[in-house]
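A short write-up of the structure that comes next.
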Amino acid sequence: FDASARDLTMEAAAAAGLPDPVLLEEPQAALYAWIGATRGAWRKQVNVGDVILVCDVGGGTTDLSLIAVSEEEGDLTLTRVAVGEHILLGGDNMDLALAHQVRSRMAREGTRLDGWQFLELGHACRSAKEAILTNAAVTRLPVAIAGRGSKLVGGTLRAEVLRSEAEQVLLEGFFPEVDISSRPREARGLGLAEWGLEYAADAAITSHLAAFLARHCGALADVSDRSSDASRAAGFAMPTAVLFNGGVFRSTLLRARLLGILDRWLEDSGAPPARELGARDMEQAVALGGATFAWVREGKGLRIRGGLGHAYYVGVESAMP
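Written out as structure tokens, the structure reads:
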């Protein structure tokens, strides 16, 4: 949220009669949900010095955070050391890209869609994408699009979403193999904007991740000298564990793709591969994490340390010929 969106949310909460509302970022909520789901066993899944990357790709946004595991008086503590930009890039963009791919194929075969039919195709591609990515046995899925005009039934248009097509669009378009030096393409703009609230000009989530890790290579200085020195030498913050969240990562294929790219970056820097922390419900984790956080505020659990990440920048675009 930007400042105005936060203010409006707080006003809405007050109007609804909610006492003392607190806004919680989605990656933190996802981590609280994971902690709550383990029922205390999380302490056996992480160690002092671990750096947890929370990678949350939902329907409309991508959010990244780093959580460091340290020790205080013999007990493990969690500290959020870095929070990324709120990137307006997610599953909705993937559905749209896949719909464009299918529409192009239909056009080559002589079928053209109007605006309403393309919107319907986008919804159909979402369902097809989810079925293909969560079931390896599905190689193609038919989609039906209502015809226009008087012959609605007879004019129904039919097409197919192919697994090869979906994998090519999603993997190469949104999770391409890139180096840690990769940076997302940026749109040129002018004026005052809040960091992270402009629509992403680059769809490559892996490039956004590389930029995030590089930008926060010194984030571990306050919690671990050893991890901080290694990250500075490598030029990027090096996670040791990854917690995935968001409906996009229900797909084993997409989780494996991103984890494989991250592990290659780590291997090139002489670091061990990151391990995946098991998330039980990636679509409801934010709600569950919010409930867990409320429980923690009553003094009944571990609270993640760290302040609210918030940054502004002023972009001035130079005159071009």
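Letter by letter, the sequence shown follows residues 1324 to 1644 of the numbering used here. Backbone N, C-alpha and C define an ideal beta-carbon position, used for all residues, glycine too.
Between the alpha carbons of phenylalanine 1572 and arginine 1578 lies a distance of about 6 Å.
Counting only residues of its own chain and dropping the five nearest sequence neighbours on each side, alanine 1454 has a CB closer than 8 Å to the CB of Val1461, Leu1464.
Distances from the CA of histidine 1446 to each of Gly1414, Arg1428, Asn1458, Thr1434 were compared; the closest alpha carbon is that of Gly1414. Using a Cβ distance threshold of 8 Å, leucine 1399 and valine 1371 count as a contacting pair. Counting along the chain, asparagine 1568 sits inside no alpha helix (DSSP H); it lies in the beta strand (DSSP E) bounded by residues 1564 to 1568. Residue ranges of uninterrupted beta strand (DSSP E) with 3 or more members, entirely inside the region 1542 to 1626 and ordered along the chain, are 1564 to 1568, 1598 to 1600. By the criterion of a C-beta distance shorter than 8 Å, arginine 1481 is surrounded in its chain by Pro1465, Val1466, Ala1467, Ile1468, once the five residues flanking it on both sides are discounted. Apart from sequence neighbours up to five positions away, the residues of its chain that approach glutamate 1483 with a beta-carbon distance below 6 Å are Arg1463, Pro1465, ordered along the chain.
Taking 8 Å as the upper bound for CB-CB distance, alanine 1553 and alanine 1594 are in contact here, some 7 Å apart. Among the bridge pairs identified by DSSP, alanine 1467 is matched with Arg1481. Judged by their CB atoms, methionine 1429 and lysine 1452 are not nearer to each other than the 8 Å cut-off. One alpha carbon belongs to glutamine 1440, the other to valine 1492, and they sit about 21 Å apart.
The closest CA to that of glycine 1496, considering only His1423, Thr1457, Ser1592, Gly1340, is found on His1423. In the DSSP assignment, the residues bridged to aspartate 1386 are Asp1379. With contacts defined as CB atoms closer than 8 Å, alanine 1356 and glycine 1612 qualify as a contacting pair. In terms of CA proximity to threonine 1479, Leu1436 leads the group Gln1607, Leu1436, Cys1378. Pairing arginine 1431 with isoleucine 1627 gives a Cβ-Cβ distance that is not under 8 Å. For threonine 1434, DSSP assigns no beta-bridge partner whatsoever. Under a 10 Å Cβ-count criterion, glutamate 1500 is classified as exposed, with fewer than 16 other Cβ atoms of the shown protein chains found around its own Cβ.
Around the beta carbon of asparagine 1568, 16 or more other beta carbons lie within 10 angstroms, which makes this residue buried. Taken through DSSP and simplified to helix, strand or coil, aspartate 1398 comes out as strand.
Residue state for isoleucine 1410 is assigned as strand, using DSSP reduced to three classes.
Valine 1609 and proline 1350 have their C-alpha atoms spaced approximately 8 Å apart. Of the candidates Ala1523, Leu1625, Asp1525, Pro1507, Pro1507 places its Cα closest to the Cα of arginine 1538.
Taken atom to atom, the span from the alpha-carbon of leucine 1411 to that of cysteine 1378 is near 14 Å.
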